[in-house]
Structure formats: C-alpha cells, structure tokens
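J.: Below are the structure tokens for one structure; questions will follow.
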Amino acid sequence: MRERRATGRGRGAPPADDLLSSSVEALAVLLDAGIAPRSAWQHAGAEARHPAIVRVAALIGAGTPPAEALAAASVRGDGGGLAAIAAAWDVAEQAGAALAPALRGAAESLRDRADAERDVATALAGPRATARLMAWLPVVGVVMAYVIGVDVVGALIGGPLGWAAGIGGAVLLLGGRAWTRRLLCDASRSGPVAGAGQDLVAIALAGGLSAPAACAIAEDAAHRAGLAVQVTGDGSVARVLGIAERAGAPAIESLTAEARQERRTARADGRRKAELLAVRLLLPLGVCVLPAFVLLGVVPVVLAMMSSTFAGLG
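At position 59 of the sequence shown the residue is numbered 59 (UniProt numbering), and the sequence of numbers has no breaks.
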C-alpha cells in the first residue's frame with residue numbers, strides 16, 4: 001500500500017520531506033558522536049515524527065541490517081524521500097565512505113525539496129481558491145433561479161429539453177471539478193529528488209572509488225532503493241567527471257555544486273508550473289463550469305418563462 005506523502009500535509013504542518021530530513025540529520029549527529037548505527041537508529045526512531053523512520057527503526061530493532069531495512073521500507077514509497085536516504089546509506093556502506101556526511105547530504109536535498117514544495121503551495125493558494133469558488137457557480141445559479149420563483153426541478157424534468165439541460169449541466173459540472181482537481185494535483189505533485197545522482201556518485205568517490213566504479217555502485221544502489229535516477233545516462237555527471245579527469249582535479253565538490261544547481265532549477269520549475277496553473281484553470285472554467293451554469297441556472301428560467309407564456313396563450 002502506497003504511503004501518503006501527507007505526513008506533513010495538514011494545514012500549517014511541515015512538508016513530509018522536512019520531517020524526514022530532521023530525523024536523518026539527528027541520525028547523522030548520533031553517528032558522528034560514535035554511536036553504533038543500530039543504536040543510533042533506535043534513538044532516532046524513538047523521537048521521529050515521520051512514520052517511515054519509525055518503521056525503519058522497528059525493522060532494524062528486529063535484526064534487519066540498516067541498508068536492507070531502508071530498502072524494504074522505501075519500496076512502499078514516500079515520494080522518493082526515503083529512497084534517497086536508502087541509496088545514500090547503501091552507497092556509503094559499499095564504498096567505505098563516512099555515513100554521517102552522506103546522510104547530511106541526502107537530508108539537505110530533502111530540505112531543498114521541502115522548500116520547493118512550500119513555494120509551490122504558496123503559488124497555488126490563489127488558483128486553488130479561485131477553482132473552489134468557480135466550482136460552486138452552477139449551484140449558485142440554481143439557488144438564484146429558486147430565489148426569483150422559478151421551479152428549477154419542474155423545468156428540468158418537465159420535458160426533453162429540461163432533461164437534456166439537467167443531465168448536460170450535471171455532467172459538465174462534475175467534469176469541470178474533476179478536470180480542475182487533476183490540474184491542481186499535477187501542479188502540486190513532487191518530482192524525483194533533484195541532484196540525487198550527483199550526490200550518490202560524490203559519496204562513492206569520497207570512499208576512494210574510481211569514477212566508473214562510483215557510477216556503477218550509485219546506479220546499483222538507486223535501483224535497489226527504488227530511486228528514480230539514472231546515473232550512467234546522466235549527462236551532467238559524465239560532464240563533471242570528464243572535466244575533473246582532464247584537469248586532474250577532484251570531482252566531489254563539482255558534483256555537489258551540480259546537484260545544488262539541479263535542485264535550484266527544480267525549485268524554479270515548480271514555481272513556474274504553479275504560476276501557469278492560473279492560466280490553465282481558465283480551460284475547465286470556460287469549457288465546463290460556465291456552460292454548466294447556463295444549463296442549470298439559466299435554461300430552467302427560460303424554460304419556465306416559455307412554459308408560462310404558452311400556458312397563457314392557451
């Protein structure tokens with residue numbers, strides 16, 4: 001069953017990635033203090049506010065190795081956050097790199113994604129309120145018709161034109177709401193963890209591996225954790241490694257900088273997508289909501305007037 005990323009989705013609550021990164025940073029502090037990984041996980045799990053961390057700590061407490069527990073928990077899905085932690089831990093263990101810096105890097109990427117999520121939520125506040133208001137427009141039309149004395153139900157069921165208007169208006173109203181909901185969900189959906197591929201290769205290089213071996217281990221770990229990154233096919237990773245090889249310079253800092261730039265780009269893309277939503281919401285408004293208002297709020301008035309006119313003539 002897919003775990004909802006709504007761990008921090010309540011109004012005023014922090015994004016789930018914030019809760020996850022806080023727990024991981026606390027875990028890194030414990031590891032830096034010399035506490036064994038298994039004990040560190042138990043302490044972190046006892047204070048964690050993210051259910052995935054609690055679940056991982058329980059698995060580790062039952063005897064599952066940390067890398068396996070993280071991979072098993074990340075398969076259930078949390079939008080990629082736990083998968084990034086699992087892959088970072090796996091790469092650090094395989095490469096012999098220090099666990100604490102690897103976890104801090106993964107936590108930083110999740111914190112950046114949480115900031116981007118907040119930016120998008122802020123940008124979506126206006127369009128979301130507009131969508132809710134417009135969705136009630138056909139209902140307001142029906143109420144207004146009743147206020148002026150029109151028998152809306154009688155007009156809608158009194159003949160084939162009324163039935164057609166009622167059914168068509170209801171279909172358009174429901175379709176408009178579904179369309180609007182889909183647009184809002186698409187705009188607010190979190191993407192993969194930006195820069196994760198570069199971070200994983202940097203962790204492997206910090207363990208003293210060669211560039212090809214680092215890429216292979218990073219790709220392997222990402223696949224096992226279910227993280228949606230492709231290291232060997234990532235042009236930016238290959239470019240940074242190529243420059244470092246030609247210049248005889250270390251590639252770790254360049255990879256880290258490239259990962260940060262990718263996260264900044266993802267954050268800007270999220271804001272741009274949210275701003276475009278205000279324009280895209282005009283489509284369901286014009287195609288569905290306004291026609292539904294006409295069919296449910298205006299047509300019954302016209303039909304009732306025509307019916308009373310013909311009755312008077314008769």
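Just so you know, even glycine gets a beta-carbon here, dropped at the ideal spot from N, CA and C.
Source: prediction; values computed, not measured.
(1) Taking just the CA atoms, how far does Ile148 sit from Ala131?
(2) Tell me where the alpha helix (DSSP H) around Pro250 begins and ends.
(3) Starting from the N-terminal side, write out each stretch of the alpha helix (DSSP H) that is 4 residues or longer and does not extend beyond the region 129-201.
(4) Roughly how many whole angstroms lie between the Cα atoms of Arg280 and Leu183?
(5) Taking the alpha-carbon positions, what's the Gly96 to His50 distance?
(6) Between the Cα of Val193 and those of Ala46, Val54, Arg267, spot the shortest distance and give me the residue it belongs to.
(7) Under 9 Å, do Gly297 and Met144 count as touching if we go by C-beta distance?
(8) Quick check on this structure: which residue in Gln42, Thr64, Ala73 has the alpha carbon closest to the alpha carbon of residue 359?
(9) If we ignore side chains and look at the alpha-carbon of each, how far apart do Ile60 and Pro66 end up?
(10) Determine the extent of the alpha helix (DSSP H) in which Cys215 is found, giving its start and end residues.
(11) May I have the straight-line CA-CA distance separating Pro127 from Arg38, to the nearest angstrom?
(12) Does Ile243 pass the burial test, meaning 16 or more other C-beta atoms within 10 Å, or should it be called exposed?
(13) Among Ala257, Val299, Gln198, Ala213, which has the Cα closest to the Cα of Gly235?
(14) From Trp179 to Leu282, what does the alpha carbon distance come to, in whole angstroms?
(15) Rounded to the nearest angstrom, what separates Glu68 and Asp220 at their Cα positions?
(16) Between the region 160-170 and the region 111-128, can you find at least three pairs of beta-carbon atoms closer than 8 Å?
(17) Between which two residues does the alpha helix (DSSP H) holding Gln94 run?
(18) Would you mind giving the Cβ-Cβ distance between Ala187 and Leu124, rounded to the nearest angstrom? I have them listed as a contact below 8 Å.
(19) Measure the C-alpha to C-alpha separation of Ala228 and Gly81 and round it to an integer number of angstroms.
T.: Checking against the coordinates, here is how it stands:
(1) Within the sequence shown, residue 131 is the residue found at index 131, counting from 1. Within the sequence shown, residue 148 is the residue found at index 148, counting from 1. Each residue's Cα considered, the two are about 27 Å apart.
(2) For the purposes of this step, residue 250 is taken as the residue at position 250 of the sequence shown. Where Pro250 is concerned, there is no enclosing alpha helix (DSSP H), given that its DSSP letter is neither H nor E.
(3) The region 129-201 contains these whole alpha helix (DSSP H) runs: 137-147, 152-157, 160-188.
(4) Position 280 of the sequence shown, counted from the start, is the residue given in the question as residue 280. Position 183 of the sequence shown, counted from the start, is the residue given in the question as residue 183. Each residue's CA atom was taken as its position, placing Arg280 and Leu183 some 8 Å apart.
(5) Against the sequence shown, residue 96 aligns to sequence position 96. Against the sequence shown, residue 50 aligns to sequence position 50. Going by the C-alpha atoms only, they are around 28 Å apart.
(6) Within the sequence shown, residue 193 is the residue found at index 193, counting from 1. When Ala46, Val54, Arg267 are compared, the shortest CA-CA separation from Val193 is found for Arg267.
(7) For this step, residue 297 is matched to residue 297 along the sequence shown. For this step, residue 144 is matched to residue 144 along the sequence shown. Yes; because the gap between Cβ atoms is below 9 Å, this pair is in contact.
(8) Because the chain spans 1 through 314 in this model, residue 359 falls outside it and cannot be assessed.
(9) Along the sequence shown, one-based indexing puts residue 60 at 60. Along the sequence shown, one-based indexing puts residue 66 at 66. Rounded to the nearest angstrom, the two C-alpha atoms are 6 Å apart.
(10) As a position in the sequence shown, residue 215 is number 215, starting the count at 1. Note, Cys215: alpha helix (DSSP H), 211-225.
(11) Taking the sequence shown and counting its residues from 1, the one referred to as residue 127 is at position 127. Taking the sequence shown and counting its residues from 1, the one referred to as residue 38 is at position 38. Each residue's alpha carbon lies about 46 Å from the other.
(12) Residue mapping note: residue 243 aligns to position 243 of the sequence shown, counting from 1. Label assigned to Ile243: exposed.
(13) Here residue 235 is taken as the residue at index 235 of the sequence shown, counted from 1. It is Gln198.
(14) On the sequence shown, position 179 is the one that residue 179 refers to. On the sequence shown, position 282 is the one that residue 282 refers to. Their backbone Cα atoms lie some 11 Å apart in a straight line.
(15) Locating residue 68 in the sequence shown gives position 68, where the first residue counts as 1. Locating residue 220 in the sequence shown gives position 220, where the first residue counts as 1. Looking at the two C-alpha atoms, the distance is approximately 14 Å.
(16) no
(17) For the purposes of this step, residue 94 is identified with residue 94 of the sequence shown, where counting begins at 1. Per DSSP, Gln94 belongs to the alpha helix (DSSP H) from 81-95.
(18) Here the question's residue 187 lines up with position 187 in the sequence shown. Here the question's residue 124 lines up with position 124 in the sequence shown. Contact holds; Cβ gap of about 6 Å.
(19) In the sequence shown, residue 228 corresponds to position 228, counting from 1. In the sequence shown, residue 81 corresponds to position 81, counting from 1. Cα to Cα, the separation comes out at about 11 Å.
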